[in-house]
Structures are given as structure tokens and as C-alpha cells.
Amino acid sequence: MDAPSEFRNRKSGKRRSKKGAKPQLYEDTSMQPPPSQYGAPPGQGINMEGYDPSAYGGQPGPGQFPGAQYLNDPMANMAMQYGQSLAGQGTEFVHKNIEKYVSTSRMKYYFAVDTTYVLKKLGMLCFPFTHSDWSIKFNQDQPVAPRDDINAPDLYIPSMAFVTYILIAGVVLGTYNKFTPEQLGVQTSSALVWLILELFILNMSLYIMNLKTDLKYLDIVAYCGYKFVGMIVSLLAGMIFQSTGYYGTLLWFSITIAFFLVQTLRVKILSHPEDSNYSGGSKRSLYLILSISLLQPVMMWWLTGYIMFAK
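Note that the sequence shown covers residues 15 to 325 in the working numbering.
Structure follows, in C-alpha cells:
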């Protein structure tokens, strides 16, 4: 067979094979849109993530997130308004009761301090013998802020000293390999319980003795909290100089805190000479002042001794 005839036969065979080709067994869907969900036609009611807004009550408007249409539900709005009213009533109730028992403005007075006051007050707690004027200044029958009167009681130094005492106690226990995380909680709760017990006993003593004083319960908290300054220094001295440094420092701060309280409470308690029963009241007041002043060294030793000798 010559070359032209062979080329014609090959060409005719190709044509016959195209006419007699078998149909495909599957349909090519690579270029078609994906099938619809929830019975919707392709390309309608379906976003790019397969979410059908029409199946949940409508399509979100422009700039809204899916489910935002529920915020327009009257029942949902009513529930939100009711919850907001309850939250407002709860907040008002808490503020009213806090203001009833602890005046916010009064608390601000006890924390109205500056750096100069803190340094001078710490120096007076460490060396009260150099101080001569113990009177409290007044401005229109109201005591001036602590930052303007070094003799005024404050709660900044007692609160900071309390926190520092807990941390120093943990450090001392750590040097003896006795520290555990639970010890901080034990130290905090123990010191708070004794402070609350002191406050209760002193307030009951004032009530039973029927003494007219300018001493308020926050003043008592402040005066009883000043002992934590001496406790911190005693623990540090004991950690550095062992028992000799601890006992020497504790003895010094026991004398200073007693002297400081005698001079301060004398102004606060013995300030009503016009009382008809002044002579008897002054004796009871002196007994109370001495009791408070001598109780502080005992509490200082009680709250630091078992920490220093926890070996």
C-alpha cells in the first residue's frame, strides 16, 4: 500500500472512532457551582461559609453579624432591660449599705496622705520621744487631713504595713524551709482575726465604761495597725541578727508604741472635762489608755514570736 492511501485510511479511522465513542460514565462538575443546601437553588440564600440566613428568620442586613436579628426581638429586648434594671438595683443597694456602715468620704480622709507625711509619721513611730506637740488640728470643727497634721490617724501606713508584714513573715519562714503557699493565708487570717478582736474589745470597753470620747472605730483600727511597723523591723532584725536582734528591736518598738499611744489617746479620750462625772471618768479613761497601750506589745510578740522560732 502506497503512502497516500495509508494516510487516507488512518484519517478515516480517526473519524470513525470519534463517531462511535462511548458516553462518559460520570458528569464533570469541576466547573459548576456547589449544590445548594436546605433545598435552595444554587447561588441563592447561601453565604460563603455554608450559612443560610433565610432558614433562621431572614438575611442579615449590611454590616450585621449572623444572628443579629434576634436583638430586634421584643422578648429579647425586654429580658435585657429587665436584667439591666436588676443590675442597677443591686449596685444601688450595695452602695447604700456600704455608705451606711463605712462612709466613703470618711475613708478618703484616712487615706489623704503624701510622702512627707508618711516619712514623718514613720519617724515619729520609731522615735516618739522627740515629738512634743500631740494636739490635733481642726478646721471648722472638722479634723484636718493627715497630710496637713502629723498627729492625725491614717489608714495608709497600717494597711501597707500589714501587707508588708505578711510578705516578710513568708520570707522568714522560707529561710527556715517552713514556707508553703498556705502559710500566707494562715498568717493573713490570723492577723486579721486578732485585729478584729482588738477592735471589738476596745469598742465594747468604751461602751461599757460609758466614756465620751472623740475616738471612732476607724481611729482604733489605725492606732492598732501602727504596731505592724515595729513588727516588720523586728522580723528583719531577727532574720539578720538572730534572736538577739529580734528581742532588742521588739523591746524598743514595744516601748515606742506604748509611749506613742499613751500620748495620742490621751488627747482623743481625755477631751471632755466638762463632764459632771469627770473625776471618775478620767480614771476609767486612764485605765483604758494604759490597757490599749500595753496590749500592743503583747500582740507584737504574739504575732512575730512563733514566726521567728518556727525551727
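By construction, the Cβ of each residue, glycine as well, lies at the ideal position given by its N, Cα and C atoms.
Next item on the list: Please report the residue range of the alpha helix (DSSP H) in which residue 126 lies.
Entry: Neither: residue 126 is in no alpha helix (DSSP H) and is coded neither H nor E.
Item checked: Where the alpha helix (DSSP H) through residue 323 begins and ends -> That residue, residue 323, is in no alpha helix (DSSP H); it is neither H nor E in DSSP.
Next item on the list: Compare the Cα-Cα distances from residue 253 to each of 235, 307 and 189 and report the closest residue.
Entry: 189
Margin query: Can you tell me whether residue 58 is helix, strand or coil according to DSSP?
Written below: The predicted position of residue 58 is uncertain, since its pLDDT is 48 and thus under 50; a value taken from the coordinates is nonetheless stated next. The answer is coil: DSSP assigns residue 58 none of H, G, I, E or B.
Next item on the list: If I'm right that residue 245 touches residue 314 with Cβ under 8 angstroms, what's the distance once you round it to whole angstroms?
Entry: 5 angstroms
Checklist line | Backbone CA spacing between residue 151 and residue 130 [nearest angstrom] | finding: 17 angstroms
Item checked: Of the residues 274, 127 and 265, the one placed nearest residue 146, counting alpha carbons only -> 274
Notebook entry, point to check: Using the rule of at least 16 other Cβ atoms within 10 Å of the residue's Cβ for burial, across every protein chain shown, is residue 317 buried or exposed?
Noted result: buried
Checklist line | Where residue 193 sits in the DSSP three-state scheme | finding: coil
Item checked: Close Cβ partners of residue 127 (< 6 angstroms) along its chain, the five nearest in sequence each way excluded -> 160, 161, 168 and 170
Check: Which residue comes first and which comes last in the alpha helix (DSSP H) that contains residue 154?
Finding: Here residue 154 belongs to no alpha helix (DSSP H), and DSSP marks it neither H nor E.
Next item on the list: With a 10 Å radius around its C-beta and 16 neighbouring C-beta atoms as the bar for buried, classify residue 195 as buried or exposed.
Entry: exposed
Item checked: Contact between the segment 179 to 189 and the segment 247 to 263 (3+ Cβ pairs under 8 angstroms) -> yes
Notebook entry, point to check: How big is the Cα-Cα spacing for residue 225 and residue 192?
Noted result: 46 angstroms
Check: Smallest Cα separation from residue 165: which of 300, 284, 237 and 243?
Finding: 237
Item checked: Boundaries of the alpha helix (DSSP H) in which residue 234 is found, first to last residue -> 231 to 239
Check: Hey, would you say residue 139 sits closer than 8 angstroms to residue 263, going by beta carbons?
Finding: no
Next item on the list: Go ahead and pull the three-state DSSP assignment for residue 254.
Entry: helix
Note to self: Please report the distance separating the alpha-carbon of residue 307 from that of residue 258.
What the structure shows: 24 angstroms
Check: Using DSSP with H/G/I as helix, E/B as strand and the rest coil, what is residue 167?
Finding: coil
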